[in-house]
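Undergrad: When the count follows the working numbering, it moves up by one through the sequence shown with no breaks and lands on 1592 for the last residue. Below you'll find the structure I mean.
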Amino acid sequence: MTSSNGLTYKAAGVDIEAGDQAVTLMSAAVARTMRPEVVSSLGGFAGLFDMSRFKAMRRPLLATSTDGVGTKLAIAQRLDKHDSVGQDLVAMVADDLVVCGAEPLYLTDYIACGKLVPEKIAKIVAGVAAGCVEAGCTLIGGETAEHPGVMAPDDYDLAGAATGLVEADSVLGRDRVAAGDVLIAMASTGLHSNGYSLVRKVLLELAGWELDRHVDQLGRTLGAELLEPTRIYTKICLGLISAAEVHAFVHITGGGLPGNLPRVLPDSLKVTIDRSTWTPPTIFSLVGDVGGVAGTELERAFNMGVGMIAIVSPGAETAALEYLGRAACPAWVVGRVERRDDASVELVSTYRS
């Protein structure tokens, strides 16, 4: 079938050759993520993963998680800097898996874009691959979809899904948490990947700040602060399980401490968090001061400097902190589990100045 006007798929906005070029450019980075269980190659219809290594497990459970980077991508797009948002994606997905004690095995990514620029896509995927190496999982496949007329040429969205494995009797969570347990906070690197809609509203829209503005309180440009990569806790948490008696992990993402801690608490228990045990990174108070945002609202939107919490048995905190010190992850005792008499999460005292 022919067309009198010679219209092509590329003319309609979808460039298949550009997609092929992107695959070529990203192939070396993806190859560095490969685990020995992978038996497929880049570019196939499906990724294949050999599970025979795990046949000795008594009752293996697969764990799965899906997430995205959110509106942090708007900062990357404005700065035309795309090499770190992939790490944010891996952190959001893999660290949700490790919360239940699962080891991430493989991850797939999905990029939707208005116009496929091979070099840009390759940078994004290279960041995903670097994050996978840090988390110990394989980037086993993915998809890049060009959406002309639906998304602006410079726009893109980034999401991913990962699968992990855990022995059934090793699953962590609310069933293990008991009164007297100790909460160990692990420091975040800043905003991580949550609360960016509020940050953009306050600092970019209302205050009119530019991303290249040097902010004295931060010691760097606003853009550099906002693109600071999310810390990946996966290997740290897996190691901590071996080093101390861990009952649960809590990934502090959207909803902050008040929104995420109840997800691992039995109805009869609560946690008390002592704010005086740490100083939140400056970016949080900056948003509060510039935007007139109440402290309780900041705590619902942001991690406030705590990216992951381990709930350990009484007496295990010393071993946990020693391990985290060796792992170069700043950590401290932040609270305890108690019998519940009111709210499930109570934040007390004021932040250390």
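Where a beta carbon is used, it is the ideal one built from N, C-alpha and C, also for glycine.
Should the region 1345–1361 be regarded as contacting the region 1370–1387, the criterion being three or more beta carbon pairs within less than 8 Å?
TA: yes
Undergrad: Put LYS1249 into one of helix, strand or coil per three-state DSSP.
TA: coil
Undergrad: Per DSSP, what kind of secondary structure is GLU1464 in: helix, strand or coil?
TA: Residue state for GLU1464 is assigned as helix, using DSSP reduced to three classes.
Undergrad: May I ask you to report which of helix, strand or coil DSSP gives ALA1257?
TA: helix
Undergrad: Going by beta-carbon coordinates alone, are THR1518 and SER1436 separated by less than 8 Å?
TA: no
Undergrad: Give a yes or no on whether the C-beta atoms belonging to LEU1496 and MET1543 are separated by under 8 Å.
TA: Contact flag set, yes.
Undergrad: Does the region 1505–1516 come within contact of the region 1578–1586, defined as at least 3 CB pairs closer than 8 Å?
TA: yes
Undergrad: MET1240 to ASP1259, Cα distance in whole Å?
TA: Note that MET1240 scores a pLDDT of 49, beneath 50, so its modelled location is shaky and nothing firm can be said.
Undergrad: Could you tell me which of ALA1374, ARG1591, ALA1417 sits nearest to ILE1550, measuring between CA atoms?
TA: ALA1417
Undergrad: Between GLY1462 and the rest of its own chain, which residues show a CB-CB distance below 7 Å, the 5 nearest in sequence each way excluded?
TA: ILE1314, LEU1318, LEU1450, ASP1451
Undergrad: Once the 5 residues before and after ASP1581 are set aside, which same chain residues still bring their CB inside 7 Å of it?
TA: Counting only Cβ-Cβ distances below 7 Å, and skipping sequence neighbours, we find nothing.
Undergrad: Alpha carbon to alpha carbon, what distance is there between TRP1448 and VAL1441?
TA: 9 Å
Undergrad: Using the beta-carbon count (16 or more within 10 Å), is SER1280 buried or exposed?
TA: Result: exposed.
Undergrad: Check for me: the beta strand (DSSP E) holding VAL1551 runs from which residue to which?
TA: Run containing VAL1551: 1545–1551, per the beta strand (DSSP E) assignment.
Undergrad: Relative to the C-alpha of ASP1254, which residue among PRO1392, GLN1326, VAL1364, VAL1332 is closest?
TA: ASP1254 has its Cα closest to that of PRO1392, out of PRO1392, GLN1326, VAL1364, VAL1332.
Undergrad: Would GLY1340 and VAL1410 qualify as a contact pair, given that the criterion is a beta-carbon distance under 8 Å?
TA: yes
Undergrad: Any chance the CB of LYS1474 is under 7 Å from a heavy atom of the ligand COA?
TA: No copy of the ligand COA occurs in the structure displayed, which carries no ligand at all.
Undergrad: Does DSSP classify MET1240 as helix, strand or coil?
TA: Reliability fails at MET1240, whose pLDDT of 49 lies under 50, so the model's placement of it is uncertain and the value that follows must be treated cautiously. Taken through DSSP and simplified to helix, strand or coil, MET1240 comes out as coil.
Undergrad: Would a C-beta distance cut-off of 8 Å place LEU1184 and ALA1407 closer than the cut-off?
TA: Lying before the first or after the last residue shown, residue 1184 is absent from the chain, which here runs from 1240 to 1592.
Undergrad: Could you tell me the alpha carbon to alpha carbon distance between ILE1398 and ALA1540, rounded to whole angstroms?
TA: For clarity, residue 1398 is Ala in the given sequence; the question names Ile instead. Whole-angstrom Cα-Cα distance: 21 Å.
Undergrad: Where does the unbroken alpha helix (DSSP H) through MET1425 begin, and where does it stop?
TA: Note, MET1425: premise wrong, no alpha helix (DSSP H); beta strand (DSSP E) at 1421–1426.
Undergrad: Just reading off the alpha helix (DSSP H) that THR1521 is part of, what are its end residues?
TA: 1521–1530
Undergrad: Within this structure, are the beta carbons of ALA1257 and ILE1471 separated by less than 8 Å?
TA: no
Undergrad: Can you give the Cα-Cα distance for HIS1386 and GLU1556, rounded to whole angstroms?
TA: 50 Å
Undergrad: Sorted by chain position, which residues of the same chain lie with C-beta nearer than 6 Å to THR1303's C-beta, five sequence neighbours on each side aside?
TA: THR1402
Undergrad: Looking only at its chain, what residues have a beta carbon closer than 8 Å to the beta carbon of VAL1405, apart from the 5 residues adjacent to it on each side?
TA: Taken in chain order, the residues that qualify are PRO1299, LEU1300, ALA1302, CYS1339, GLY1340, ALA1341, GLU1342.
Undergrad: What does DSSP give as the partner residues of CYS1352 in its beta bridges?
TA: GLU1385, TYR1395
Undergrad: Are there 16 or more other CB atoms within 10 angstroms of the CB of THR1589, so buried, or fewer, so exposed?
TA: exposed
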